[in-house]
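Since the structure comes first, as structure tokens, the remarks are kept for the end.
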Amino acid sequence: MTTHATTDTTTTPPASGAPVPLDVYEELTRLEAARVQQLRALDDTALDAVGVAYRDSILRILEEIRTSRRRLMAGLHGVCTGCGGEVTAERLELRPWATSCTDCARRERS
Ligand SMILES: [Zn+2]
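Residue 243 is where the sequence shown starts when you use this note's numbering, and the numbers rise one by one after that.
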């Protein structure tokens, strides 16, 4: 039986030619869908201050996830937007959509 055994199932070439980790792409897609669902579940007309803060935090993360996916497609996943250094695997484990290293994220917050 002849199959195309050389077909690479783990990566697809993005515009830049760098490999895109499909598992990360799928994880981000899943996280995005989950956030969208959370937003849909909110009744905008009946939000109190806590509800508004909750919605805003979902929207912020959603935006971060989308930015992260664009960077992933550009071959920039795991590269810090602040210093160009590496976003550690540990950080990406906790926050797969992180686009900055711990140091830069701390600087942004302060
Ligand atoms: Zn950095």
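Ideal Cβ positions, reconstructed from N, Cα and C, are used throughout, including at glycine.
Given the structure is predicted, the values throughout are model-derived calculations rather than measurements.
Practice problem: Using a threshold of 8 Å, state whether the C-beta atoms of Leu314 and Val266 are closer than that. | Solution: On the sequence shown, position 72 is the one that residue 314 refers to. On the sequence shown, position 24 is the one that residue 266 refers to. Yes, the pair counts as a contact, with Cβ atoms nearer than the cut-off.
Quiz item: Exposed or buried, Arg311, counting other C-beta atoms within 10 Å across all chains shown (16 or more means buried)?
Solution: The sequence position of residue 311 within the sequence shown is 69, counting from 1. It counts as buried.
Practice problem: Could you have a look at Val376 and say whether DSSP puts it in helix, strand or coil? | Solution: Summary: the structure shown does not reach residue 376, with the chain confined to residues 243 through 352, and so no result is reported for it.
Quiz item: From which residue to which residue does the alpha helix (DSSP H) around Ala316 run?
Solution: Taking the sequence shown and counting its residues from 1, the one referred to as residue 316 is at position 74. Premise fails: Ala316 is in no alpha helix (DSSP H) and is neither H nor E.
Quiz prompt | Residue-chain proximity (Glu335, chain B), Cβ-Cβ < 8 Å | solution = Protein chain content of the structure displayed is limited to a single chain, and chain B is not contained in it.
Quiz item: Using 8 Å as the Cβ pair cut-off and three pairs as the minimum, do the region 281-294 and the region 317-329 touch?
Solution: no
Exercise. Specify the secondary structure class of Arg333 as computed by DSSP and reduced to three states.
Key: Within the sequence shown, the letter at position 91 stands for residue 333. DSSP places Arg333 in helix when its eight states are reduced to three.
Quiz prompt | Rounded straight-line distance, which links the Cα of Asp286 to that of Val292 | solution = Position 50 of the sequence shown, counted from the first residue, corresponds to residue 292. Position 44 of the sequence shown, counted from the first residue, corresponds to residue 286. The straight-line gap from Cα to Cα measures roughly 12 Å.
Quiz item: Is it buried or exposed for Ala340, if we count other Cβ within 10 angstroms and need 16 for buried?
Solution: Numbered from its first residue, the sequence shown carries residue 340 at position 98. Classification for Ala340: buried.
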